[in-house]
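J.: Have a look at this one before I ask anything.
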Amino acid sequence: MIARRGEPHGSGLGIFRYVVERTIAWLHGFRRLRIRWERRDDIHEAFLGLATCLITYRHVRRLC
370 MIARRGEPHG SGLGIFRYVV ERTIAWLHGF RRLRIRWERR DDIHEAFLGL
420 ATCLITYRHV RRLC
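For what it's worth, this note's numbering labels the leading residue of the sequence shown as 370, then goes sequentially.
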């Protein structure tokens, strides 16, 4: 069981749930990752790496 937002959970599960959900939502914001068009895994993985770099850059730029 994952705790609801704002409620404590005795086992410590669910602490990072919303961080992961937010990150996955950001990744789905990139059109090429929303629906997989490429047949080759390496190309899809390259787009995934590029998307994570862009998300990190935008996050760091916003903090500065």
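Backbone N, C-alpha and C define an ideal beta-carbon position, used for all residues, glycine too.
Should the segment 406–414 be regarded as contacting the segment 425–433, the criterion being three or more beta carbon pairs within less than 8 Å?
T.: Taking 8 Å as the limit for Cβ pairs, the verdict is that the segment 425–433 does not touch the segment 406–414.
J.: Identify the continuous alpha helix (DSSP H) that holds cysteine 422 and give its terminal residues.
T.: Taking the first residue of the sequence shown as position 1, residue 422 is located at position 53. Cysteine 422 -> alpha helix (DSSP H) spans 410–432.
J.: What would DSSP say about tryptophan 395, mapped onto helix, strand or coil?
T.: For the purposes of this step, residue 395 is identified with residue 26 of the sequence shown, where counting begins at 1. Helix.
J.: Go ahead and pull the three-state DSSP assignment for glutamate 407.
T.: Within the sequence shown, the letter at position 38 stands for residue 407. Three-state result, glutamate 407: coil.
J.: Using C-beta distances below 8 Å, list every residue in its chain close to arginine 405, excluding the 5 sequence neighbours before and after it, in chain order.
T.: Indexing the sequence shown from 1 puts residue 405 at position 36. Counting only Cβ-Cβ distances below 8 Å, and skipping sequence neighbours, we find His413.
J.: Quick one: residues in its chain with C-beta nearer than 6 Å to the C-beta of arginine 401, no 5 flanking neighbours on either side, listed in chain order?
T.: As a first step, residue 401 must be located in the sequence shown, where it is residue number 32. Excluding sequence neighbours, arginine 401 sits near Phe416.
J.: Have a look at glycine 418 and cysteine 433 and give me their C-alpha separation to the nearest angstrom.
T.: Within the sequence shown, the letter at position 49 stands for residue 418. Within the sequence shown, the letter at position 64 stands for residue 433. Rounded to the nearest angstrom, the two C-alpha atoms are 23 Å apart.
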